[in-house]
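Participant: Chains as they are written, first to last, in this note's numbering: chain B, 7 to 351; chain A, 7 to 351.
Starting off with a structure, shown below.
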DNA sequence: TCGAGGGCGGCAAGCGTTTGCCAGATTTTG
DNA sequence: CAAAATCTGGCAAACGCTTGCCGCCCTCGA
């Protein structure tokens with residue numbers, strides 16, 4: 007490569023070359039290192055010099071190039087957040103919480119969507135891996151071993167997923183499902199079905215386990231149907247399947263599925279909660295204004311996002327100790343659950 | 007800085023140093039440049055050599071460092087997407103469309119949330135500016151001059167916002183609002199109110215202008231109320247204000263506001279569309295299952311996101327010519343609009 | 001008055017890639 | 001069969017910034 011003109015003539019229509027640290031140094035009449043320190047190590051340079059440098063920098067419209075900075079320092083001030091489906095309102099709160107916290111800390115979020123596929127998740131993580139200071143995987147579908155491998159390489163925190171030796175923050179997945187079953191039981195329901203989501207879903211598995219156990223200890227029936235796609239589109243199949251059972255209440259993998267089922271029940275002439283009660287998970291946007299408003303388990307997802315970012319930003323080193331955090335969730339009772347009534351027909 | 011140990015002993019608990027291109031070169035017995043080319047310029051190196059290099063690379067678990075790559079090449083394979091509020095379902099489709107398209111093209115999305123503030127928007131843009139190959143600003147609140155300045159610096163495309171000399175893609179903002187007014191007119195409504203959103207909202211201004219003009223040419227009354235926050239929380243105030251007018255139909259700045267208003271109307275004993283018709287903008291998630299389902303103008307936001315990314319990825323240079331793209335939107339008539347009926351009391 | 005120590009700025013070596021240019025080897029062409 | 005063209009691989013200079021170390025100069029204390 008030949009020597010590049012420091013101020014190469016910007017061709018017609020091309021963009022101006024932004025000022026670099028070196029430019030500032032030249033204009034300010036100091037060494038590049040001094041400029042660098044003026045920005046990153048205020049105490050290390052004379053106040054007057056610093057003042058002058060900063061003024062020159064402002065004059066040139068200089069902005070430190072984060073890419074170059076990252077290369078030498080190894081710090082990118084960027085966090086990667088990967089979710090399984092940006093489209094799912096479930097993640098909105100999470101993304102928002104993470105974003106807010108990150109931006110407060112001067113960090114930027116790199117967003118990835120895995121489209122529900124472990125393979126895509128792998129690709130996405132591999133792609134952003136080197137560009138970030140830390141990684142947040144929400145509802146990861148990756149096997150524990152891979153998660154562990156990633157964690158060994160870079161600070162990683164899981165959200166609503168746990169794996170050995172990997173830091174995680176989950177919204178409570180024991181008390182919550184239990185509360186649901188107890189709530190239904192107290193309303194007189196004696197037969198429940200769980201409309202399950204994707205097989206690889208860790209949280210889905212947790213939920214079902216607790217539901218099953220709680221039902222058993224209360225002496226009521228609980229069966230699992232599915233898997234169904236965890237989206238509104240999965241609702242009809244799920245609802246139809248539920249109608250084929252003697253259950254008087256259904257617990258859906260998530261609110262999306264629950265809302266989808268709600269509509270199907272209504273279309274098929276079943277009233278909710280008259281004929282059948284419905285409960286969901288997540289308390290997503292819309293759960294409060296669908297018809298009828300949905301009883302659901304609400305977890306502080308934005309808090310989880312915030313927490314994950316906080317860990318990564320303020321104490322990334324603790325991730326090697328792989329602590330696990332759990333945030334409380336609680337049942338939000340709305341109008342989709344009511345007293346059990348004998349099934350029609 | 008002293009010479010660094012090429013393979014510095016990784017201390018206890020610290021993360022292993024990932025393999026670099028140089029490591030691969032050494033192991034494969036070739037020059038670094040050859041390794042680089044094996045990855046980025048397949049035709050430039052002998053097939054057998056390439057094969058060998060790739061094998062060695064795989065063995066070392068080598069992954070090119072995007073940061074270093076970006077520094078020299080100036081290309082980051084990253085696009086910045088900044089929206090005014092990630093929480094607003096309005097943007098979900100946009101984000102998803104952009105994400106999908108970006109990931110297909112091997113690009114990553116850097117996400118920014120401006121929290122509805124021009125000042126924050128400025129900060130966010132400045133922060134990610136140098137780390138991306140292109141910028142997408144959705145519903146930007148920045149003044150035209152600033153937008154122009156950014157566009158002069160880096161490929162930039164605006165979504166649902168236009169400014170001189172800046173590339174943009176908008177969902178139609180002329181036919182749509184007109185259709186709304188005509189629809190309402192055909193139902194017999196003779197007095198409308200527009201519940202406006204933020205003052206700085208470009209699209210809001212466009213909408214109102216068309217609504218006003220169309221109403222005038224149809225000889226019906228149209229007044230503007232607000233501004234109201236463009237969220238469900240803004241609904242009650244907006245609804246109450248509307249009730250104070252003789253209007254029989256309201257057009258809300260967006261669906262969020264419309265849904266919020268819907269609930270307030272219901273709470274105050276007004277039936278929709280019996281007493282009053284309501285229409286929104288965006289066709290967000292939930293607009294189809296709120297009560298009653300909302301008549302709204304649906305624009306192909308995911309398509310807009312996709313388009314913006316496509317421009318930036320495949321022909322960033324056209325942004326200097328600042329073309330404007332418009333995507334068709336159409337009215338989705340659901341149950342929140344009906345025949346006008348004289349207002350009660 | 002002189003040596004010690006602290007403050008402050010500069011030097012230069014990288015960080016991990018990409019890439020213009022060069023040169024030897026090999027193939028094609030006339 | 002020589003000359004020209006094509007392949008391939010290597011060299012080394014960047015990209016823009018950070019940072020360990022060195023050394024100058026000024027201030028203090030004895």
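Cβ coordinates follow ideal geometry from the N, Cα and C atoms, glycine included.
1) Alpha carbon to alpha carbon, what distance is there between residue 282 of chain B and residue 276 of chain B?
2) Please return the same chain residues whose Cβ sits closer than 6 Å to the Cβ of residue 213 of chain B, not counting the five positions on each side in sequence.
3) If you measure between the beta carbons of residue 87 of chain A and residue 177 of chain A, is that distance less than 8 Å?
4) Between which residues of its own chain and residue 99 of chain A is the CB-CB distance below 6 Å, once the five residues before and five after are set aside?
5) Please give me, in chain order, every unbroken run of the alpha helix (DSSP H) with length at least 4 that falls completely inside the stretch 170-213 of chain A.
6) Is there contact here, the stretch 92-112 of chain B with the stretch 309-319 of chain B, by at least three beta-carbon pairs under 8 Å?
7) Should residue 52 of chain A be labelled buried (16 or more other beta-carbon atoms within 10 Å of its own) or exposed?
8) Taking all protein chains shown into account, do 16 or more other C-beta atoms lie within 10 angstroms of the C-beta of residue 350 of chain B, making it buried, or fewer, making it exposed?
9) Excluding the five sequence neighbours on either side, which residues of its own chain have a C-beta within less than 8 Å of the C-beta of residue 330 of chain B, listed in chain order?
10) Please report the residue range of the beta strand (DSSP E) in which residue 344 of chain A lies.
11) Is the Cβ of residue 265 of chain A closer than 8 Å to any Cβ of chain B?
12) In this structure, how does DSSP classify residue 251 of chain A when only helix, strand and coil are distinguished?
13) Starting from residue 283 of chain B, follow its DSSP beta bridges and name the residues at the other end.
14) Which residues in the same chain as residue 48 of chain B place their Cβ atom closer than 8 Å to its Cβ, once the five residues preceding and following it in sequence are excluded?
15) For the stretch 147-156 of chain A against the stretch 130-143 of chain B, are there 3 or more C-beta pairs whose distance is under 8 Å?
16) If contact is defined by three or more beta carbon pairs under 8 Å, each pair taking one atom from either stretch, is the stretch 280-294 of chain B in contact with the stretch 245-261 of chain B?
17) Quick one: which unbroken beta strand (DSSP E) runs of 3-plus residues sit fully inside the stretch 99-154 of chain B? Chain order, please.
18) Beta carbon of residue 296 of chain B, beta carbon of residue 268 of chain B: below 8 Å?
19) Could you confirm whether any beta carbon from chain A is found closer than 8 Å to the beta carbon of residue 58 of chain B?
20) Taking Cβ-Cβ distances below 9 Å as the criterion, which residues of the stretch 58-75 of chain A are in contact with chain B?
21) Identify the continuous beta strand (DSSP E) that holds residue 88 of chain B and give its terminal residues.
22) Could you run through the stretch 103-126 of chain A and flag, in chain order, every residue whose CB is less than 9 Å away from some CB of chain B?
23) For residue 95 of chain A, decide whether its Cβ has a neighbour in chain B, counting only Cβ atoms nearer than 8 Å.
24) Within its chain, find whatever has a CB closer than 6 Å to the CB of residue 143 of chain A; leave out the 5 residues flanking it on each side and keep chain order.
25) Here's the rule I'm using: 16 or more other beta-carbon atoms within 10 Å means buried, otherwise exposed. How should residue 4 of chain B be labelled?
26) Any Cβ of chain A within less than 8 Å of the Cβ of residue 320 of chain B?
27) Quick test of the definition: if touching needs 3 or more C-beta pairs under 8 Å, does the stretch 323-338 of chain B touch the stretch 24-31 of chain A?
28) Tell me the DSSP secondary structure of residue 25 of chain A in three-state form.
29) Quick one: is residue 95 of chain B buried, meaning 16 or more other Cβ sit within 10 Å of its Cβ, or exposed?
30) Strictly under 8 Å for the Cβ-Cβ distance: is residue 275 of chain A near chain B by that measure?
31) Residue 21 of chain B and residue 159 of chain A - do their beta-carbons sit closer together than 8 Å?
32) Beta-carbon of residue 383 of chain A versus every beta-carbon of chain B: anything under 8 Å?
33) Just to confirm, is the Cβ distance from residue 293 of chain B to residue 300 of chain B under 8 Å?
34) Compile a chain-ordered list of the residues in the stretch 130-163 of chain A whose CB is closer than 8 Å to at least one CB of chain B.
35) Taking residue 59 of chain B as part of the beta strand (DSSP E), name the residues at either end of that continuous run.
36) Excluding five sequence neighbours on each side, which residues of the same chain lie with their C-beta closer than 7 Å to the C-beta of residue 50 of chain B?
Facilitator: Reading from the atomic positions:
1) Taking the first residue of the first chain as 1, we reach residue 276 of chain B at position 270. Taking the first residue of the first chain as 1, we reach residue 282 of chain B at position 276. Answer to the nearest angstrom: the Cα atoms are 7 Å apart.
2) As a working note, residue 213 of chain B is residue 207 in the first chain. 183.
3) To locate residue 87 of chain A, count along the second chain from 1; it is residue 81. To locate residue 177 of chain A, count along the second chain from 1; it is residue 171. Contact: no.
4) As a position in the second chain, residue 99 of chain A is number 93, starting the count at 1. Result list for residue 99 of chain A: 307 and 308, in chain order.
5) Unbroken alpha helix (DSSP H) runs of no fewer than 4 residues, entirely contained in the stretch 170-213 of chain A, are found at 181-192, following chain order.
6) At 8 Å Cβ cutoff, the stretches touch.
7) Residue numbering aside, residue 52 of chain A sits at position 46 when the second chain is read from its first letter. By the neighbour-count rule (16 or more Cβ atoms within 10 Å), residue 52 of chain A is not buried but exposed.
8) Sequence index remark: in the first chain, residue 350 of chain B carries index 344 (1-based). Any reading at residue 350 of chain B must be qualified, since the residue scores a pLDDT of 48, below 50, and its modelled position is unreliable; no value is offered.
9) Taking the first residue of the first chain as 1, we reach residue 330 of chain B at position 324. So the list reads 168, 173, 174, 175 and 176, once near-sequence residues are dropped.
10) Translated into positions along the second chain, residue 344 of chain A becomes position 338. Segment: none, residue 344 of chain A is in no beta strand (DSSP E) and carries neither H nor E.
11) For this step, residue 265 of chain A is matched to residue 259 along the second chain. So yes, residue 265 of chain A belongs to the interface.
12) Taking the second chain and counting its residues from 1, one reaches residue 251 of chain A at position 245. Three-state DSSP puts residue 251 of chain A in coil, outside helix and strand.
13) Locating residue 283 of chain B in the first chain gives position 277, where the first residue counts as 1. Residue pairing of residue 283 of chain B in beta bridges, as defined by DSSP: B:255.
14) To locate residue 48 of chain B, count along the first chain from 1; it is residue 42. Sequence-distant Cβ neighbours of residue 48 of chain B in its own chain, meaning closer than 8 Å and more than five residues away, are 56.
15) The stretch 147-156 of chain A, when compared against the stretch 130-143 of chain B, does not touch it at the 8 Å Cβ threshold.
16) Under the Cβ criterion (8 Å, minimum of three pairs), the stretch 245-261 of chain B counts as touching the stretch 280-294 of chain B.
17) With a minimum length of 3 residues, the continuous beta strand (DSSP E) runs that stay inside the stretch 99-154 of chain B are 114-119 and 140-144.
18) Counting from 1 along the first chain, the entry for residue 296 of chain B is found at position 290. Counting from 1 along the first chain, the entry for residue 268 of chain B is found at position 262. One thing to note: residue 296 of chain B has its Cβ within 8 Å of the Cβ of residue 268 of chain B.
19) One-based indexing of the first chain puts residue 58 of chain B at position 52. Chain A places no beta carbon closer than 8 Å to that of residue 58 of chain B, leaving this residue out of the contacts.
20) So the close ones are 69, 70, 71, 72, 73 and 74.
21) On the first chain, residue 88 of chain B is found 82 positions in, with the first residue counted as 1. Unbroken beta strand (DSSP E) run through residue 88 of chain B: 84-89.
22) Near chain B, meaning a CB-to-CB distance below 9 Å, the residues of the stretch 103-126 of chain A are 105, 106, 109, 112, 114, 115, 116, 117, 118, 119, 121 and 126.
23) Taking the second chain and counting its residues from 1, one reaches residue 95 of chain A at position 89. Interface flag for residue 95 of chain A against chain B is set, since a Cβ pair is found closer than 8 Å.
24) As a working note, residue 143 of chain A is residue 137 in the second chain. Closer than 6 Å at Cβ, skipping near neighbours: 88 and 164.
25) Nothing can be reported for residue 4 of chain B, as the shown portion of chain B is limited to 7 through 351.
26) Taking the first chain and counting its residues from 1, the one referred to as residue 320 of chain B is at position 314. Closer than 8 Å to the CB of residue 320 of chain B there is not a single CB belonging to chain A.
27) No contact exists between the stretch 323-338 of chain B and the stretch 24-31 of chain A.
28) Residue mapping note: residue 25 of chain A aligns to position 19 of the second chain, counting from 1. Residue 25 of chain A: coil per DSSP, three-state reduction.
29) Against the first chain, residue 95 of chain B aligns to sequence position 89. Counting Cβ neighbours within 10 Å, residue 95 of chain B comes out buried, since at least 16 surround it.
30) Position 269 of the second chain, counting from 1, holds the residue named residue 275 of chain A. For residue 275 of chain A, no CB of chain B lies under 8 Å from its own CB, so it is not counted at the interface with that chain.
31) Here the question's residue 159 of chain A lines up with position 153 in the second chain. Here the question's residue 21 of chain B lines up with position 15 in the first chain. With contacts defined as CB atoms closer than 8 Å, residue 159 of chain A and residue 21 of chain B qualify as a contacting pair.
32) Since the first residue of chain A shown is 7 and the last is 351, residue 383 of chain A is not available in this structure.
33) Numbered from 1 along the first chain, position 287 holds the residue referred to as residue 293 of chain B. Numbered from 1 along the first chain, position 294 holds the residue referred to as residue 300 of chain B. Yes, they are a contact pair.
34) Within the stretch 130-163 of chain A, those residues whose Cβ lies closer than 8 Å to any Cβ of chain B are, in chain order, 130, 132, 133, 134, 135, 136, 137, 158, 159 and 160.
35) Translated into the one-based positions of the first chain, residue 59 of chain B becomes position 53. It is not in any beta strand (DSSP E) - residue 59 of chain B instead sits in the alpha helix (DSSP H) that spans 53-66.
36) As a first step, residue 50 of chain B must be located in the first chain, where it is residue number 44. Correct list, in chain order: 43.
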